Amino acid sequence: MSLFYIVLLPFLGALLPGIMNAAGRAACAGVTFVVTLGAFVGLMTNLPAIIAGETVQASIEWLPRLGLNFTLMLDGLGFFFSLLILGIGLLIIAYARHYLSRDDHMGEFFTYLLLFQGAMVGIVLSDNILLLLVFWELTSLSSFLLIGYWKHLPEGRQGARMALTVTGMGGLAMIGGMLILGRIVGSYDLSVILQNRELIQDSPLYLPALILILLGCFTKSAQFPFHFWLPHAMAAPTPVSAYLHSATMVKAGIFLMARLWPVLSGTPEWIVIVTTAGLITMVLGALIALFKHDLKALLAFSTVSHLGLITMLLGTSTAFGAMAAVFHILNHATFKAALFMSAGIVDHEAHTRDIRRLGGLRTLMPVVFTIATVAALSMAGIPFLNGFLSKEMMLEEATHTVLFGSDWLVPVLATVGSLLSAAYCFRFIGHTFLGPVRDDYPHKPHDPNMGMWMPPAILAVLVVVIGTAPFLAEPFVKLVTASLLGAAAEVPDAYLAIWHGLVPALYMSIIAVLGGLLLMLVFAPLLRAWEATPRPEAKAIFDWVVNGAAALAGRVIHGLHNGAFTRYAMIAMVTIVAAGYHAWATGTVGPATRAVQPAGPVPVAGWAMLVAAVIGMVVLHRNRFLALMLIGIVGLMVSVAFVFLSAPDLAMTQFTVEVVTIILMLLALNFLPNRTPVESTLLRRVRDGGVAILGGLAAFALSWHYMLRDAVAAPISEFHLANSYKGGGGTNVVNVILVDFRGFDTYGEIIVLGIAALLIYALTETLLDGPVRRKLLNRLPSQPRSGDMHPMMMVVLTRVIMPVVLLVGFYIFLRGHNEPGGGFIAGLIVSIAVVMQYMASGFAWTSARLRYPYHGVIGAGVLVAGFTGIGSWFVAKPFLTSDFTYVRIPPFQEFELATAALFDLGVFLAVVGAVMLSLESFSRLAHRDGDTDSEFPMDIDPSREEIGPDQPDAPVTGKGVG
Amino acid sequence: MSTATAFLDIALIVAFVALAIGQLLCVVRLFRGPTSGDRVLALDTLVINAIGLVVVLGMTQGVKVYFEVSLLVAMLGFVSTVALARFMLRGDIIE
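Respectively, the protein sequence lines represent chains A and B. Numbering-wise (this note's numbering), the first sequence opens with residue 1 and increments by one. Numbering-wise (this note's numbering), the second sequence opens with residue 1001 and increments by one.
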């Protein structure tokens, strides 16, 4: 089967458990099992090629320019890890089917599990390191979901967060390391990278890359000092612990170290960092594990310890060490997954995992006792079980390893680690299963059904088989080792065997086992001593660091984003001015090339009015109504200035926007007091004034400077002028830019406009039932209101002008491509025409005559524009390529048809919808259900004959704010 | 230069100056008030003067498009005046 299917099958299959959830628990687990089995079988079809020593590859170009391709590679190492992931995955799924209770959402669990499985298979099969990073992050995310699966448990949530934080940070570091590695080699393909050992190790960037990559590996594989997250992740359901935290995810870091072993290992830096970290982790993990009372915590720290062992073996950089590492990965996956599952069964049956409350389960749970004992003794390093073999290889390797110039340091520490390891294994067996039967278990334990003990039993059988007949595993281990070593080293001749003669490793093994037994004899006083010793609590430190970082980030953010617009404006203004000043001070400024133009009396008058309005605004802005009118002056003067400077397009747009703005502001002013109260101190106002003046002066200086000089580079307007008619079929350059040259921008903008309008709608909708609105509506008007809600004069006038305005809007829209105009202005004009009806005859009357909701109009606009853009795909052109042609239908003159006009129609619709939706939302706030919604367009209508008692007379008497 | 065009030039200049003075006076009225009604009317008159200004500009520069701009201003300029007036009278402009 193609490698793609092996990777994609779990991801696609992840959709199924959620669907099958309704069909029952067995169906849900069954479909997950089948999906995994499919991937497993697919993997097995590649076995012949692997045995033949070939590397299976599959590749799709994804983002070739970034060096990111979907290339997959399957060699011995990848096959080995895929086998672990999918094989143990099958057992875990069978186990989880019986482990999860009826209250647990099984579909959710198996969905996460398949996502994780796919990501994990992706890591081990990736040939591209960027792709590998993507899968790497996916495992972090999916393991977060799995650890936090029991959302109701605070430990679960906190453990998930801690795991995500630590592995996520490591992943971040690794991205940096991988990018450096790719930069050194000039390729992101592993198959290329693995060929360039000398290039990488001679590079000055070798050390940074190594440290960053190792940070990623160490965090993922819980190596000291990042080991603390793994025990906290044990809050997850046991199947997750057994799968992620013993067999697969924590091995991802190990896998990567193994994968990059041929190019990264062998240097003094690698040996010192990796071996040291591994050794410390091994001893420390074993020491902590010995004194843990929670079965899963004990196993978690033992996992930490064994991962340290494997890391150390990889750190020694010898071929024998690598082979021992491979063999131990295999053995550890078998016995540790079996142990986790056994611990889960004990928890499931006895309702506790606290080792102090257990003991004597040997007779109550004989099957589980047998399985757990076999697995634990293997972990302790007892002969005829697989753990013994790889542990002896480790000790053998340790005797040849020199670290920090000392040839006894590693062997001694390795022996100590093994000794502690043996001790906690004996404690696990002794304190859980041996001893007298108790009568105070939280729940009377007994052996579970076969579905639950079969998966660990299969693993226990493997433990014994490999332990007694290692020659069965030897070809496979050597095959994997060969692909791990690559071209860097030869596969060692050593063979896997139980008896190697009276070598030092044997004595060390004997010391470890005997020492472990001895420790058990004096365990009670040891425990008292351990509990009396003060130790740093990793979770407290982690929380302290996280809270400190969060508090610091909070201070920075609240300093910058305190919710006051003045603060944002000030920060932005000061930053822009400072950056501009820096550019001006350090750059070169050419001499002035243009003369200052004379200003006639009329522009000066306009300028004087602008200045007067602005100063008046500053002085009088607390009177809100007056301030609005002053804004009106500014808008008007700016529009006239645009006309004066030959920009009629801009003038029309500016003016229509001005009208809509005033209407919008008036709708808002209805809910605000007439005057703005003084809220800031004088000092603050002076400061803000200073910033404002600074910004104004800077803008003036920049404009002055810019207008007196020709542009440094040729302005793009030349291109637009030259190509507007040729390429876009329009003589109105502004419009052609909007709908053609920068059509994609416009498309984005109308979408943003629509979203903004919908947001206004949503916000006002939530205010509708709020207490604030009720309070506002009940207030008394500050001045008496006129009685005529819908005056006849106004109604008649707006009705008469409506078709005229619509016609003008239509005209402006149509000719927009060649003359000033276009969809945007037309949209505003039409909106104003409709708003006039609202103002004249009221909200209810107008709304009742609406045929299409404004949301729909916005949507239609975006769709029309989008489909116009997509249309160009049908003629194999890029999105939004416009086309135009000239047609002549007698008796009309020849006229132009452009696709840009269709696009402009979309703009038009979106603008109309957005403007109307925002205005309508505001006016809806003031509209009350209790209002007498007149069915007549105007209150007093001479043409209505009957003015009887039925006629609502409320408007005439007036009723305050209506 | 014929007498007609010379006369037109002078007329245009006079028109410009008259309109500008009118606008300045409107601004003064807008500031002085004293009632909101005066201010709304001042703004409305300002808009009317602006229409004149745009028309005269169009005549000076000989650009037809300016007349369309003035048409638009004339057609829609009163909408803001109506809205302001409604606000003064009823508080809520769409009710």
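Virtual Cβ for every residue (Gly too), placed ideally from N, Cα, C. Nothing here was measured: the structure is a model prediction, and the numbers come from that model.
Hey, does residue 927 of chain A have any beta-carbon neighbour from chain B nearer than 9 Å?
yes
Tell me whether residue 5 of chain A sits in a helix, a strand or coil according to DSSP, three-state version.
helix
Quick check: the stretch 95-109 of chain A against the stretch 130-143 of chain A, are there 3 or more CB pairs under 8 Å?
no
Going by the CB atoms, is the gap between residue 130 of chain A and residue 171 of chain A shorter than 9 Å?
No, the pair does not count as a contact, with Cβ atoms beyond the cut-off.
Of the residues that make up the stretch 833-844 of chain A, which ones have a beta carbon closer than 7 Å to any beta carbon in chain B?
836, 838, 839, 842, 843
Note down, in chain order, each residue of its chain lying with its Cβ closer than 8 Å to the Cβ of residue 581 of chain A, except the 5 sequence neighbours on either side.
These residues qualify, in order along the chain: 698.
Please list, in chain order, the chain B residues whose beta carbon lies closer than 8 Å to that of residue 785 of chain A.
1089, 1090, 1091
DSSP puts residue 120 of chain A in a beta bridge; with which residues?
None, per the DSSP bridge assignment.
Along the alpha helix (DSSP H) that carries residue 701 of chain A, what are the first and last residues, could you check?
682-707 is the span of the alpha helix (DSSP H), which, as asked, contains residue 701 of chain A.
Segments assigned beta strand (DSSP E), at least 3 residues, entirely inside the stretch 702-743 of chain A
none
Cβ of residue 1075 of chain B within 9 Å of any chain A Cβ:
yes
Going along the chain, which residues of its own chain have a beta-carbon closer than 8 Å to the beta-carbon of residue 543 of chain A, five neighbours each way excluded?
none
Mind checking if residue 969 of chain A is an interface residue toward chain B, Cβ cutoff 9 Å exclusive?
The structure shown has nothing for residue 969 of chain A, since chain A only spans 1 to 962.
Taking the straight line between their C-alpha atoms, what separation do you get for residue 629 of chain A and residue 1040 of chain B?
7 Å
Cβ of residue 21 of chain A less than 9 Å from any chain B Cβ?
no
Residue 216 of chain A beta carbon less than 9 Å from that of residue 274 of chain A:
In this structure, residue 274 of chain A keeps its C-beta atom at 9 Å or more from the C-beta atom of residue 216 of chain A.
Give the residues from the stretch 895-926 of chain A that approach chain B closer than 7 Å (Cβ to any Cβ), ordered along the chain.
923, 926
Examine the Cβ distances between the stretch 1029-1048 of chain B and the stretch 630-644 of chain A and report whether three or more of them are shorter than 8 Å.
Taking 8 Å as the limit for Cβ pairs, the verdict is that the stretch 630-644 of chain A does touch the stretch 1029-1048 of chain B.
Going by DSSP, which residues form a beta bridge with residue 73 of chain A?
A:57
Taking Cβ to Cβ, would you say residue 423 of chain A is nearer than 9 Å to residue 359 of chain A?
Contact flag unset, no.
Which residues in the same chain as residue 80 of chain A place their Cβ atom closer than 6 Å to its Cβ, once the five residues preceding and following it in sequence are excluded?
480
Can you check whether the C-beta of residue 599 of chain A is within less than 9 Å of a C-beta belonging to chain B?
no
For residue 239 of chain A, which residues from the same chain have a beta carbon less than 6 Å from its beta carbon, with the 5 sequence-adjacent residues on both sides left out?
Once the five neighbours on either side are set aside, the close Cβ partners of residue 239 of chain A are 92, 95, 96, 99.
Could you compute how far the alpha carbon of residue 1030 of chain B sits from the alpha carbon of residue 1094 of chain B?
25 Å
Looking at chain A, is there any beta carbon in it that lies within less than 9 Å of the beta carbon of residue 1004 of chain B?
no
Do you know whose CA, among A:923, A:512, A:706, lies nearest residue 666 of chain A's CA?
A:923
Between residue 557 of chain A and residue 869 of chain A, what straight-line distance do the alpha-carbon atoms span, to the nearest angstrom?
40 Å
Please work out which residues of its chain come closer than 6 Å, Cβ to Cβ, to residue 248 of chain A, disregarding the five sequence neighbours upstream and downstream, and give them in chain order.
85, 120
Backbone secondary structure at residue 392 of chain A - three-state DSSP:
helix
Applying the 10 Å Cβ sphere with the 16-neighbour rule, what's the burial state of residue 594 of chain A?
exposed
Output the distance between the C-alpha atoms of residue 1098 of chain B and residue 562 of chain A, rounded to the nearest integer angstrom.
Absent from the model: residue 1098 of chain B. The displayed extent of chain B is 1001 to 1095, so no value can be given.
Tell me the DSSP bridge mates of residue 675 of chain A?
A:623
State yes or no: is the beta carbon of residue 1014 of chain B nearer than 9 Å to at least one beta carbon in chain A?
no
Cβ of residue 962 of chain A less than 9 Å from any chain B Cβ?
Its pLDDT being 37, under 50, residue 962 of chain A is placed unreliably in this model, and the value from its coordinates should be taken loosely. Yes, contact with chain B.
Are residue 201 of chain A and residue 263 of chain A touching if we call contact CB-CB under 9 Å?
In contact: residue 201 of chain A and residue 263 of chain A (Cβ atoms closer than 9 Å).
Quick check on the DSSP output: what are the complete alpha helix (DSSP H) runs of length 4 or more inside the stretch 85-158 of chain A, in order along the chain?
106-125, 129-147
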